[in-house]
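Read the structure below first, then the notes.
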Amino acid sequence: MLKFVAVALLMTVCVFSVWGEQCCAPKQWESFVGIENTTAVDGMIKVTQQYAIESYDFDKKKIAMVFPAINMRLIQDYNKGMMYTIVAGMCFTTPWPFPMVNCIPDNATMLASFEMGGKDGLMIEQYQLQDFLPGFNGYIQFTRPGCLPVSQTQYYESYATMFGFTNITEGIKDPSVFDIPSPPCPMDVDNVVKPLLFEPAHP
Ligand SMILES: *[C@@H]1O[C@H](CO)[C@@H](O)[C@H](O)[C@H]1NC(C)=O
Ligand SMILES: *[C@@H]1O[C@H](CO)[C@@H](O)[C@H](O)[C@H]1NC(C)=O
Ligand SMILES: *[C@@H]1O[C@H](CO)[C@@H](O)[C@H](O)[C@H]1NC(C)=O
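Quick note: my numbering has the sequence shown finishing at residue 246, numbered continuously throughout.
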């Protein structure tokens, strides 16, 4: 479950380019995320549901996901390439060596576009997930204009997971969602990176 939630966080945010001009999402936004997991158990479809609040900050290079129902918080730090999962007073760290994406890559292939809700409805564009998350199988959709995520579907060998993004607001209401508490999270993870960042350039 953690693995797949983590992938959702990578969810990126942009759309379309007209005449080579990239479309980018706002640098800070928050969203309600509905999560549905479909798997086959003894030949029967089993669906589980979960929800989270996602906070995205491209300046901080962090994405946080709060799961109120299970009292869990997950933070990805793209500067450090680490993911922290804080649950039940414990902290789990996982390498997270992915780039954070804010704009639709120039070479991403749009598969289709849709209008939701009839004439003058919401325009949506769909892309291959792997154009954003190399190695992942599925689809990702963005609004146009606005460049915000609408949904993300990931196919695994024996299950599929869908994320729906709704009620997106610009800005971050409570920046403490990005804090990484130490303890329980290890301090040394911070220190691994800091010396590198401040290493003087040798002429
Ligand atoms: C979804 O189901 C798969 C297969 O049972 C499981 O490995 C994964 O952790 C589940 N994810 C969630 C969020 O429940
Ligand atoms: C887009 O370009 C980047 C950088 O050149 C490359 O790593 C990536 O694989 C390309 N993606 C696609 C979908 O072609
Ligand atoms: C989404 O926004 C609508 C309109 O502001 C509000 O009525 C609804 O409760 C919100 N839903 C969630 C899950 O936050």
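We put the CB at the ideal spot given by N, CA and C, even for glycine.
Proximity test, residue i beta-carbon vs ligand 1 heavy atom, cut-off 7 Å
| i | result |
| --- | --- |
| Gln-93 | yes |
| Thr-204 | yes |
| Thr-82 | yes |
| Ile-96 | no |
| Ser-194 | no |
| Ile-113 | no |
| Ile-78 | yes |
| Ser-201 | yes |
Same chain only: Cβ atoms within 7 Å of residue i, ignoring 5 sequence neighbours per side
| i | result |
| --- | --- |
| Asp-174 | Pro-148, Ala-151 and Thr-152 |
| Phe-179 | Val-50, Leu-172, Gln-173 and Gln-197 |
| Gly-132 | Pro-227 |
Beta-carbon proximity list for residue i, same chain, < 8 Å, skipping 5 on both sides
| i | result |
| --- | --- |
| Ile-113 | Gln-93 and Val-130 |
Contact set for residue i: own chain, Cβ-Cβ below 6 Å, skip 5 residues either direction
| i | result |
| --- | --- |
| Ser-156 | Glu-168 |
| Met-54 | Any reading at Met-54 must be qualified, since the residue scores a pLDDT of 46, below 50, and its modelled position is unreliable; the value itself is stated next. So the qualifying residues of the chain are Pro-192 and Gln-195. |
| Phe-241 | Model confidence at Phe-241 stands at a pLDDT of 37, short of 50, so the residue's coordinates are unreliable; what they give is reported in the following sentence. No residues qualify anywhere along the chain. |
| Pro-226 | none |
| Pro-140 | Gly-124 |
Residues that residue i bridges to, as DSSP identifies them
| i | result |
| --- | --- |
| Phe-215 | First, the amino acid is wrong: residue 215 is Ile here, not Phe. None; Ile-215 has no bridge partner. |
| Ala-203 | Thr-81 and Tyr-198 |
| Met-159 | Leu-165 |
Problem set entry | For review: beta carbons within less than 5 Å of any heavy atom in ligand 3 | This criterion selects Phe-75 and Asn-210.
Exercise. Going along the chain, which unbroken runs of the beta strand (DSSP E) with 3 or more residues stay wholly within the region 56 to 142?
Worked result: Every unbroken stretch of the beta strand (DSSP E) spanning 3 or more residues and falling wholly within the region 56 to 142 is given here in chain order: 71 to 84, 87 to 100, 105 to 110, 115 to 120, 125 to 130 and 133 to 138.
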